[in-house]
Structure formats: C-alpha cells, structure tokens
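Residue numbers (this note's numbering): 136 to 501.
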C-alpha cells in the first residue's frame, strides 16, 4: 500500500499548479531548487490526456508530459517534495487504464483528475470543467481512477460552469471521497477574468467540516506571494494553497521572499536553458523557452535591453553566450536586495551524457 501523502502530510500544504507548456520537468526543477523548506510541498505534471495514454500510437507523444528527469528526481528526493501526475478526459474506462499505466510505469506520489480546465476546445469534448455539469460521469471517473491505483487521488476543479454551484458540486465531490479537492475560485465561464472568489473556497471548507469529511481542501486563484498564500490558509480554513500564474511574476515565489540578485537571475536562466536543452533538444522547440525570459530578465538596470536581445536569439548557444556576456558585466546592473545564500543551494552537476534522459520508470526514446 502506497503512503497517502495527503493524509500523512502536515498542513498547510503549498504547491505549484499544473500548467500547460509550463510545468514540465525543467521548470519544475528550477522552481524547486529556489524554494525554501516547507514553502513548496507538491508539484504537478502538465495535464495528460487519458485518450492519448490509452492510444497505442499517441502514448509516446503524450508521455512526454510525464517525464521526470534524473536531476529533478534528485531534487524531489532531497527536498522531500511530492510529485503528482494530472490526467484528463471523459471516459471512466480510459481513466482506469491510464491510471493503471501510470501506476505500473512511473513512480508518482499521486494522481490528480483535472475537472477545472476552462479552455473551450476541451470543455466542448465534455472534459475537465464540463464535468461539473455532469456529476454522474464525474463520480464514475473518480471511482474508476481510485480502483486502478493505491496512490492517493485528488481532483482539481472550479466553483461551477456558467454559474456558481459550490455547495451542490463540492457536496457531491465530498461524497466521492477523493483524498483532496483543489478548488479554483472561478467558474468555467469566467476563465481567468475578474477575481477568484475565496469566499466560495471558504464555503467548501465549511461544508467539508459539516460533513465530517477528512478530504483536504486546497484553495487556488490569484495568489502572488507566499505571504498571501499563508494568509489565505489562516483566513479561509483551508488545508493549503496552490499557486499558478503568480510564478510567472516571480519564479522565486516559494522562497522566503528575498529579491534575487542580478547574478542569481542570470544563473537561474542559464540553469533553465541547460536543463531544457538536456531534457528536450530535438523534441521541443527552443522558441518555447522565450515565454520564460521576462521572468528572469526583469527588475534590474539594463534588463529591458537584454530581454529584447534575448528574444532575437535562435538557439541555445546564442542565448547562453548572451547570458555569459551579461554575467561578465553584471556590476552595471542594480538589484533591490541581496538574498541569503540558502536561496540558491548547491544542485546536481548539469554536465551529463547527452544520450541519457532517465525518467521515472522509462527512457525517453530517441
């Protein structure tokens, strides 16, 4: 029987949200390296299609979303952080088979069911947040997933489809007894518009107490700092908080709040580039990385110019040379505050054999 970290872990729990084309193995590792103890407990994969995992030809492609590199695995172990595979779809049978496959081929700490993604082309298929409007199917999916594994099963969801139905929906979800419910304080219709309703999240926590349930309630929506995350836990009676888009403003968000120096910004960007190249060269386009450049190249003198030049690069070597030049002249830049040394702890050597990309349970095939 696998340990149920949701039940065993001490509250509060803080976690990085699963995000499409963002939370792959390289970026997760960067965020974890720069996290402080007890500020980051759980990370998630990108959401992975159960249809793809159950398709003999589609499995290899979608399995890229489940990659955990050897260096990430080392950081997970060293820091005691749990990693959860998130899956989505609309067929209980495929949820069962996909979960079985993950259970047998990988070493994740849990399974999360996506019932919250609001993207229209996914919702039109009756998947993710569309399942809020189809509780019977949602219940069958949860039960099928639980039957397929001894791993703990959580559900990430929203307050409704077009209108808020927190009491009805979360009441039903609690009856299904997942190990945790991660509730984003918006409806599907809202997408990311407006502000997340933490009063609805509080309502879910109160309902859990009324039902004398042991299900963990995790809040999600518009959190931009660890200070804010901890305040939400205290003020809304929840067991933890998930942070998503806030990481784009500050990849050091799970640290103790000190501003990184210019040198640390450049070194972390360099680390991210090297990790991504090692994990994905020949499989993912270099251009994907450009969405991250602003995260690192901000808040110091000369950042805008350096950022503009970075967007003109066409490959890893060109960008690494740009970083090298910037690092050599970093003293022309300014930073607000210098963090203590623990924010950038030693990490595994990044020079590894180009032919090996070890995964949890399998090798990434050339």
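Every residue, glycine too, gets a C-beta built ideally from N, C-alpha and C.
Assigned with DSSP and collapsed to three states, residue 178 falls in strand. Between residue 217 and residue 245 a beta carbon distance of about 7 Å is seen, short of the 8 Å cut, so the two are scored as contacting. Residue 453 and residue 413 have their C-alpha atoms some 16 Å from each other. In the DSSP annotation of this structure, the continuous segment of the beta strand (DSSP E) that includes residue 148 starts and ends at 148–151. Look at residue 400 here: in three-state DSSP terms it is helix. One thing to note: residue 180 has its Cβ no nearer than 9 Å to the Cβ of residue 144.
If the five residues before and after residue 269 are omitted, its C-beta is found closer than 8 Å to the C-beta atoms of 261, all from its own chain and listed in chain order. According to the DSSP assignment, residue 238 belongs to the alpha helix (DSSP H) that extends over 227–240. Separation of residue 236 and residue 464 (C-alpha to C-alpha, rounded to the nearest whole angstrom) is 50 Å. Residue 248 and residue 230 have their C-alpha atoms roughly 9 Å apart. In this structure, the straight-line span from the alpha carbon of residue 458 to that of residue 384 is close to 20 Å. In this structure, residue 455 places its C-beta atom within 9 Å of the C-beta atom of residue 405. Residue 355 is bridged by DSSP to 319, 377.
Non-local C-beta neighbours of residue 251 in its own chain, meaning closer than 7 Å and more than five positions away in sequence, comprise 263, 264, 291, 292, 293, 319, ordered along the chain.
In this structure, the CA atom of residue 355 is about 26 Å from the CA atom of residue 425.
Around the CB of residue 313, 16 or more other CB atoms lie within 10 Å, so the residue is classed as buried. Going by DSSP, residue 249 is part of the beta strand (DSSP E) stretching over 245–250. Under the DSSP assignment, residue 292 falls outside any alpha helix (DSSP H), being part of the beta strand (DSSP E) whose first and last residues are 288–293. Residue pairing of residue 216 in beta bridges, as defined by DSSP: absent, with no partner found.
The three-state reading of DSSP puts residue 333 in helix, counting H, G and I together. Contact check for residue 373 against residue 353 passes: the beta carbons are separated by less than 9 Å. With a cut-off of 8 Å on Cβ pairs, the segment 180–190 is in contact with the segment 147–159, counting three or more such pairs.
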